[in-house]
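Peer 1: Counting in the working numbering, the sequence shown runs from 991 upward without gaps.
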Amino acid sequence: MGVLRSPFLRNTVIAIGIVAATSAWLSLDSYAQRHGFFINRSPSLPNWAYYFERGKVVKRGEVAFFAPPSNKLVHSHFGAEPPVFGKIVYGMPGDTVVHRGADVIVSWAAGAGNDAPSEQVVGKLKPVSSVGEKLVPGPTGVIPSGCYYMGSPHPDGFDSRYAAIGFVCTRQIVGVSKWSLL
């Protein structure tokens, strides 16, 4: 107790404490600005919780989180301020999306991380939603630079297969999953 009787030592200890607390706060704040936690409340993804990183490069097969577009169909199901959506990245810039009947297919060329040309059925189109609303098929053709086809294996998935969501572009992306919990 006698050591801190000196005003100089007491003020030095207080100053060091303030600097240490501020440094810790700034480190945590910086970390929190780059990372987030997503609770999945829909059956469209297999896991219930995801830890994500903002600004991470988007790769095929990863789960990414994005702000959905503002339109009547999104608002009718998710409210005036819809939550962030989480979907699987099925299509990358330069890939091609086609509709063959009800099948939605993404195809890509060899190169840039792809061993060989390939295509994948990424969803089935439905004419109406589970509550009877008309569903307009999503975009087809080459996925533009900076945009992605985001989808879900769930048959009722509300994703890029429909025009109300469309291609998801970089400006909409909130983050990419680093890991998930079952």
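Here a beta-carbon is modelled for each residue, glycine too, at the ideal position from N, C-alpha and C.
1) Are three or more beta carbon pairs between the segment 1064-1073 and the segment 1039-1055 nearer than 8 Å?
2) Just list the beta strand (DSSP E) runs in the segment 998-1063, keeping only unbroken ones of 3 residues or longer that don't cross its boundaries, in chain order.
3) For the beta strand (DSSP E) that contains S1167, what are its first and last residues?
4) Taking one C-beta from the segment 1071-1079 and one from the segment 1120-1135 each time, how about it: are there three or more such pairs within less than 8 Å?
5) Consult DSSP for W996 and reduce its assignment to one of helix, strand or coil.
6) Let me make sure I understand the geometry here. Which of A1010, V1048, S1032 and A1092 has the alpha-carbon closest to that of G1165?
7) Would you report the Cα separation of S1119 and I1095, rounded to the nearest angstrom?
Peer 2: The short version:
1) no
2) 1025-1029, 1039-1043 and 1053-1056
3) I1163 to L1171
4) no
5) Reading off the sequence, residue 996 comes out as Ser, not Trp. It is coil, neither helix nor strand.
6) Nearest C-alpha to G1165: V1048.
7) 20 Å
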